[in-house]
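Taken in sequence, the protein lines are chains B and G. Residues 0 to 197 in numbering that gives the first Met the number 0 are what the first sequence spells out, letter by letter. Residues 0 to 117 in numbering that gives the first Met the number 0 are what the second sequence spells out, letter by letter.
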Amino acid sequence: MSVREKYNRIARFYDFLKTGDTRRWEKSQREFFRKLQGKVLYVGIGPGPEIANFPPGLDIVAIDLSEKMMEQSQRRVDAYSGNVRLVNMNVEDLGFADGVFDCVLAVCVFCTVEAPVQGLQEVRRVLKPGGKLLMFEHVLSQNPVYALILKGMNLVTQRLSGTYLDRNTAANVEKAGFRIKSNRNVYLDIVKTIEANP
Amino acid sequence: MKYLYWDYAIGIGAGALVAGAAAFAVPGNIHPLVSMLLGGMLGMVVQSFLSIVLLPIFGAFEVMIPLHIIGMLAGMLGGMAATIPNTPVHCILSAGGATGFGVALIVYLSNRKLTRAA
C-alpha cells in the first residue's frame, strides 16, 4: 500500500490521533510560525491542525499527497483569515516554477516522504534565493536509550503509516544543499524546529 | 491539569499497573532471574496496550518514551516480586508507582536539559 493510500485510509481519524501532539506543541508552533512571511508553500497540510497557530493574513499554497486529508483540512482552511489554496501534489515532484516561494513550511512531513532528500531538493528549487525553509519535525534521538525505543517503534509505524522514526532530517536538509540556520529541540532531541536557507 | 502533572500521573499509574500485572502473571516458583526477564517482557506488552490508549490524548513521544522504560523496569520489578513469598500487593504497586514516577522525573529533567541547551 502506498503512503497516499495509507493516509487516505486514516484521514478520518488522523485528527484524533494527533490531539495530544496538537495541544502539546501549540505554544512552540505559534512562536516558530511567526517566522512565516510572504508567499508560503505549506508541505503536507494533512487535516491542517497547525493552521490555528499561523499568524493571520498569510498567502499560502498548501499541498498534500492525500486528497482525503485535504478534505479534512477544508474546515480549518475556510476559518483562516489569510489566503490558502489547496493543491493535491507530491513534494518529490513539485509542479511549481523555480524560485516562487518566500517560505516553505513542513510539519511532521519529512518523516514520511519516501525520498526525503529528493523532496528537499524540490523544496530548494521552488524557494526564492534568500528564502526560508521552516521545519517542525521529529527525528532520531542521539540518546542511545531513546534511540533504541524509536528504532523499535519504527518497525511498527513504518508499516502502519509509512512514518519513519529513525531519520536524521537535519543531515538530509544539508544533503539537499541547504544551510541550516537554527536547529532547536522542542521535546527531548526528538521533536525539533529547523530553519534553513537555500 | 497541566501536561506535566499528567506525565507524572501516567508514570505512577503505568508503573503500578505494570508491576502488579507482572507480579500476578509471572509464576512464583521459577528462578528470580527468569521471572525478572519474563516480567520485563510482560511489562513491554502491557505498556504497548497502554500506549495505544494514551498516545492520541497525551502526545506520541511524550507517552511513548517514558512508557517503554517504565514497562521494562516496572515489569522486571513485578517479575522479581512474584518470586518473593507473601509480598503484599500494596508494596508491589507502590514500588511500581515509584519506578514510574522516577522515570517520568528523569525524562522531564532530560527534556529540560535538552530544550534549554538548544
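Even glycine gets a Cβ: it sits at the ideal position worked out from N, Cα and C. None of the values given here were measured: they were computed from a predicted structure.
Would you please state the rounded distance, in angstroms, between the beta carbons of residue i and residue j? I believe it to be under 8 Å.
{"i": "Ala-103(G)", "j": "Pro-65(G)", "result": "5 Å"}
{"i": "Asp-63(B)", "j": "Gly-45(B)", "result": "6 Å"}
{"i": "Ser-27(B)", "j": "Val-185(B)", "result": "5 Å"}
{"i": "Val-216(B)", "j": "Asp-101(B)", "result": "An answer regarding residue 216(B) cannot be provided, because it is not within the stretch 0 to 197 covered by chain B."}
{"i": "Met-43(G)", "j": "Gly-78(G)", "result": "Wrong, their Cβ atoms sit about 12 Å apart, outside the cutoff."}
{"i": "Pro-55(B)", "j": "Gly-81(B)", "result": "6 Å"}
{"i": "Ile-55(G)", "j": "Thr-162(B)", "result": "Reading off the sequence shown, one finds Pro at residue 55(G), where the question assumed Ile. The Cβ separation is near 14 Å, so there is no contact."}
{"i": "Tyr-2(G)", "j": "Arg-23(B)", "result": "6 Å"}
If I follow the unbroken beta strand (DSSP E) through residue i, where does it start and stop?
{"i": "Leu-85(B)", "result": "82-87"}
{"i": "Asp-101(B)", "result": "100-106"}
{"i": "Pro-87(G)", "result": "Taken as a continuous stretch (DSSP letters only), Pro-87(G) belongs to no beta strand (DSSP E), as it is neither H nor E."}
{"i": "Leu-133(B)", "result": "126-137"}
{"i": "Ile-59(B)", "result": "58-63"}
{"i": "Asn-7(B)", "result": "Asn-7(B) -> not in any beta strand (DSSP E); alpha helix (DSSP H) instead, spanning 2-16."}
{"i": "Gly-29(B)", "result": "A small fix is needed here, since residue 29(B) is Arg in this sequence, not Gly. Taken as a continuous stretch (DSSP letters only), Arg-29(B) belongs to no beta strand (DSSP E), being part of the alpha helix (DSSP H) at 25-32."}
Comparing alpha-carbon positions, which option in the options lies nearest residue i?
{"i": "Phe-12(B)", "options": "Glu-70(B), Lys-34(B), Ile-62(B)", "result": "Glu-70(B)"}
{"i": "Asp-6(G)", "options": "Leu-32(G), His-30(G), Met-75(G), Ser-50(G)", "result": "Ser-50(G)"}
{"i": "Met-152(B)", "options": "Thr-114(G), Ala-59(G), Leu-113(G)", "result": "Ala-59(G)"}
{"i": "Leu-36(G)", "options": "Tyr-4(G), Ile-91(G), Leu-72(G)", "result": "Leu-72(G)"}
{"i": "Thr-111(B)", "options": "Pro-197(B), Val-60(B), Phe-31(B), Ser-65(B)", "result": "Ser-65(B)"}
{"i": "Val-25(G)", "options": "Ala-81(G), Glu-61(G), Met-40(G)", "result": "Ala-81(G)"}
{"i": "Ser-160(B)", "options": "Asp-58(B), Phe-95(B), Glu-113(B), Arg-23(B)", "result": "Glu-113(B)"}
{"i": "Phe-15(B)", "options": "Pro-48(B), Asp-92(B), Lys-26(B)", "result": "Pro-48(B)"}
{"i": "Phe-57(G)", "options": "Asp-20(B), Leu-126(B), Ile-189(B), Arg-166(B)", "result": "Asp-20(B)"}
{"i": "Ala-21(G)", "options": "Val-33(G), Ala-15(G), Gly-38(G)", "result": "Gly-38(G)"}
{"i": "Val-106(B)", "options": "Asn-87(B), Arg-8(B), Phe-32(B)", "result": "Phe-32(B)"}
{"i": "Gly-95(G)", "options": "Leu-113(G), Ile-11(G), Lys-1(G), Phe-23(G)", "result": "Ile-11(G)"}
{"i": "Pro-197(B)", "options": "Lys-127(B), Thr-162(B), Arg-22(B), Val-42(B)", "result": "Lys-127(B)"}
Look at residue i and residue j and say whether their C-beta atoms are less than 7 Å apart.
{"i": "Ala-13(G)", "j": "Ile-83(G)", "result": "no"}
{"i": "Val-45(G)", "j": "Val-17(G)", "result": "yes"}
{"i": "Asn-110(G)", "j": "Leu-133(B)", "result": "no"}
{"i": "Val-122(B)", "j": "Val-103(B)", "result": "yes"}
{"i": "Val-90(B)", "j": "Gly-118(B)", "result": "yes"}
{"i": "Phe-109(B)", "j": "Thr-168(B)", "result": "yes"}
{"i": "Lys-174(B)", "j": "Val-116(B)", "result": "yes"}
{"i": "Val-62(G)", "j": "Leu-76(G)", "result": "no"}
{"i": "Asn-208(B)", "j": "Ile-189(B)", "result": "Outside the displayed range of chain B (0 to 197) lies residue 208(B), so it cannot be described from this structure."}
{"i": "Arg-166(B)", "j": "Val-138(B)", "result": "yes"}
{"i": "Asn-52(B)", "j": "Arg-29(B)", "result": "yes"}
{"i": "Ile-148(B)", "j": "His-67(G)", "result": "yes"}
{"i": "Ile-105(G)", "j": "Gly-19(G)", "result": "no"}
Check for me: the alpha helix (DSSP H) holding residue i runs from which residue to which?
{"i": "Thr-192(B)", "result": "Where Thr-192(B) is concerned, there is no enclosing alpha helix (DSSP H), although the beta strand (DSSP E) it sits in stretches over 190-196."}
{"i": "Gly-77(G)", "result": "59-81"}
{"i": "Glu-173(B)", "result": "168-174"}
{"i": "Leu-154(B)", "result": "143-159"}
Should residue i go down as buried or exposed, given a rule of 16 or more other Cβ atoms within 10 Å for buried?
{"i": "His-30(G)", "result": "exposed"}
{"i": "Leu-40(B)", "result": "buried"}
{"i": "Met-68(B)", "result": "buried"}
{"i": "Ala-78(B)", "result": "exposed"}
{"i": "Leu-41(G)", "result": "buried"}
{"i": "Glu-4(B)", "result": "exposed"}
{"i": "Gln-36(B)", "result": "exposed"}
{"i": "Lys-191(B)", "result": "buried"}
{"i": "Phe-23(G)", "result": "exposed"}
{"i": "Cys-33(G)", "result": "According to the sequence shown, residue 33(G) is Val rather than Cys. By the neighbour-count rule (16 or more Cβ atoms within 10 Å), Val-33(G) is not buried but exposed."}
{"i": "Leu-113(G)", "result": "buried"}
{"i": "Leu-164(B)", "result": "buried"}
{"i": "Tyr-4(G)", "result": "exposed"}
{"i": "Ala-170(B)", "result": "exposed"}
{"i": "Phe-48(G)", "result": "exposed"}
By the criterion of Cβ-Cβ separation under 7 Å, what are the contact partners of residue i in chain C?
{"i": "Leu-49(G)", "result": "In the structure shown, chain C cannot be found, because the protein chains are B and G."}
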